[in-house]
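Below is one structure, written out as structure tokens, with a few remarks after it.
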């Protein structure tokens with residue numbers, strides 16, 4: 001993913017705005033620390049540059065970070081963030097250049113199924129007949145699957161993102177930093193500080209209103225780890241809410257569905273979709289054109305894992 005994003009402009013067109021600010025996990029629980037050390041060993045074996053930091057080393061990124069209860073941290077210096085809109089627009093323009101069409105304001109209202117195959121997608125403007133249906137509907141993937149009579153275990157969960165006013169007392173760049181014990185995270189966004197924390201008790205919904213009641217918990221946990229945030233003002237007009245597309249094991253669902261031969265899933269990325277998008281596009285092209293994805297074995301990510309209960313839970317989402 002990183003290599004494709006680095007070369008996005010020359011390979012696809014458009015601007016990914018990739019900024020390698022790093023990725024930092026702060027860990028204060030012995031069980032978590034053991035798990036993260038195993039993850040670092042695996043990442044290193046795969047050629048990923050990852051570092052184990054002492055609490056003191058981890059505290060250097062944000063002035064005044066509380067480190068007295070930390071056991072350590074993991075740091076990916078080559079990780080970073082991108083402009084999702086720029087990436088989506090780049091892929092869209094490239095697809096159009098190759099003959100694809102985007103139908104705006106055209107919701108899918110049904111999927112025709114005949115003899116074990118999807119034959120058309122129904123819309124208010126008429127049917128779109130097709131050889132293959134790809135469900136890449138994000139947080140609406142469960143609803144789209146239901147149009148074909150399929151149970152796709154992807155549900156929408158609200159995520160609220162908050163932003164400070166410009167705050168020079170935390171100089172940039174600052175890695176995306178996650179306090180594993182609470183789930184609180186922050187990073188610099190230009191001169192501001194972006195931060196948030198998911199609410200594990202919130203039920204699934206397409207609610208996109210900011211949860212100001214939950215903000216109190218977010219702020220309490222943020223100040224406990226980063227007391228300097230108390231000096232920052234909140235830029236309410238820059239805060240927003242969106243949806244994650246969550247699966248039961250927080251892993252994506254990829255590939256053909258066993259009950260519908262020409263239906264393909266590419267959904268349920270649980271907050272990691274932009275990271276996985278270059279690889280996912282390649283793998284789904286293989287799945288459709290060659291009959292099976294082959295650059296990477298995706299069998300453990302197929303929907304059949306939920307029937308077999310062969311789940312590998314991903315905990316590193318915010």
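In full-length UniProt numbering, the protein residues as written are 1 to 318.
The C-beta atom is built at its ideal place from N, Cα and C for all residues, glycine as well.
Beta-bridge partners of residue 76 (DSSP): 23. Between residue 275 and residue 1, the CB-CB gap stays under 8 Å. Residue pairing for residue 243: DSSP places it in a beta bridge opposite 158. Scanning the segment 73-122 for uninterrupted alpha helix (DSSP H) segments of 4 residues or longer gives 84-97, listed from N- to C-terminal end.
Between residue 202 and residue 157 the beta-carbon gap is near 7 Å, inside 8 Å, which marks them as a contact. Residue 90 counts as buried, since at least 16 other C-beta atoms from the protein chains shown sit within 10 angstroms of its C-beta.
The beta carbon of residue 281 sits closer than 8 Å to the beta carbons of 91 from its chain, once the five residues preceding and following it are set aside; these are given in chain order. Under the three-state reduction of DSSP, residue 256 is assigned to strand. Assigned with DSSP and collapsed to three states, residue 313 falls in coil, not helix or strand.
The bridge partners DSSP lists for residue 265 are 135, 255. The segment 3-21 makes no contact with the segment 209-223; the number of CB pairs closer than 8 Å stays below 3. Note that the segment 17-24 touches the segment 169-183; at least 3 beta-carbon pairs, one per stretch, sit closer than 8 Å.
Residue range 212-225 is occupied by the alpha helix (DSSP H) that includes residue 217.
For the 8 Å CB-CB criterion, residue 260 and residue 113 form a contact. Per DSSP, reduced to three states, the secondary structure at residue 142 is helical. The residue from 226, 67, 296, 197 with its alpha-carbon nearest to that of residue 160 is 197.
DSSP places residue 61 outside both helix and strand once states are collapsed to three, so it counts as coil. With contacts defined by Cβ atoms closer than 8 Å, residue 163 and residue 186 do not form a contacting pair. By the neighbour-count definition (other C-beta atoms within 10 Å, threshold 16), residue 115 is an exposed residue.
Checking the DSSP bridge columns, you'll see residue 127 partnered with 122.
Residue nearest to residue 67 within the set 310, 296, 227 is 227 (criterion: CA-CA distance). For residue 208, the secondary structure class from DSSP, reduced to helix, strand or coil, is coil. Between residue 205 and the set 266, 272, 139, the nearest pair of CA atoms involves 139. For residue 188, the enclosing beta strand (DSSP E) stretches over residues 184-189.
Residue 266 and residue 313 have their C-alpha atoms roughly 18 Å apart.
The residue among 88, 217, 130 with its C-alpha nearest the C-alpha of residue 277 is 88.
Note on geometry: alpha-carbon atoms of residue 296 and residue 290 lie some 13 Å from one another.
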